[in-house]
Amino acid sequence: MSGGAEKRHRNIGIPGIKPPEKTCNDPLCPWHGKLPVRGTIMRVRVEKVKMNKTAVVVHEYLHYVPKYMRYERRRKKKHVRVPPCIEVRPGDMVIIGETRPLAKSVSFVVLGKAE
Ligand SMILES: [Zn+2]
Numbered sequence: 661m662s663g664g665a666e667k668r669h670r671n672i673g674i675p676g677i678k679p680p681e682k683t684c685n686d687p688l689c690p691w692h693g694k695l696p697v698r699g700t701i702m703r704v705r706v707e708k709v710k711m712n713k714t715a716v717v718v719h720e721y722l723h724y725v726p727k728y729m730r731y732e733r734r735r736k737k738k739h740v741r742v743p744p745c746i747e748v749r750p751g752d753m754v755i756i757g758e759t760r761p762l763a764k765s766v767s768f769v770v771l772g773k774a775e
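So the sequence shown is numbered by our numbering: it starts at 661 and just counts up by one.
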């Protein structure tokens, strides 16, 4: 894993996500640390970046209501960890991946920007 100076990030096992250009030495970074990502992958919008290494994101999705044969819009806020090598601003669309619980309300980590 640590051998080879050219490869500075791990393979996180999720295709289609560009690794960050910066590097970091955070153990809880999926790219440069040892944080396994497994489970749900979501595309969400960044709402607030005021906490230390943590952001608030909003997941907006459609939920089908069979009685009316229509979709209703739902939104859920989520706390996600932001590794130091990834810079996010409110309004950015990011890809987040599920990981183990990192804090009481944090069990997702930002993997990168969504195009
Ligand atoms: Zn990193």
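All C-beta atoms in this analysis are idealised placements derived from N, C-alpha and C, irrespective of residue type, glycine included. What you are looking at is a predicted structure, and each value in this text was computed from that prediction instead of being measured.
Three-state secondary structure (DSSP) of residue i
i: Lys-678; result: coil
i: Thr-759; result: strand
i: Arg-703; result: strand
i: Val-769; result: strand
i: Gly-664; result: Here the model assigns Gly-664 a pLDDT of 49, short of 50, so the residue's position is not dependable, and the following value carries that caveat. If DSSP states are grouped into helix, strand and coil, Gly-664 belongs with coil.
i: Lys-727; result: coil
i: Glu-720; result: strand
i: His-739; result: strand
i: Thr-714; result: strand
i: Glu-747; result: coil
i: Glu-632; result: Residue 632 lies beyond the stretch modelled for the chain, which goes from 661 to 775, so this question has no answer here.
Anticipated Cβ contact below 8 Å, residue i with residue j, distance rounded
i: Lys-738; j: His-723; result: Not a contact, Cβ separation roughly 16 Å.
i: Val-716; j: Asp-752; result: Not quite, the Cβ-Cβ distance comes to about 12 Å (not below 8 Å), so this is no contact.
i: Val-770; j: Val-740; result: 6 Å
i: Pro-744; j: Asp-686; result: 5 Å
i: Val-748; j: Val-709; result: 6 Å
i: Lys-713; j: Val-742; result: 6 Å
*asked:* Assess contact between the region 752–762 and the region 695–706, defined as three or more Cβ pairs (one per stretch) separated by less than 8 Å. Is contact present?
replied: yes
*asked:* I need the residues with a C-beta less than 5 Å from some heavy atom of ligand 1; please give them in chain order.
replied: Cys-684, Cys-689, Trp-691, His-692, Pro-743 and Cys-745
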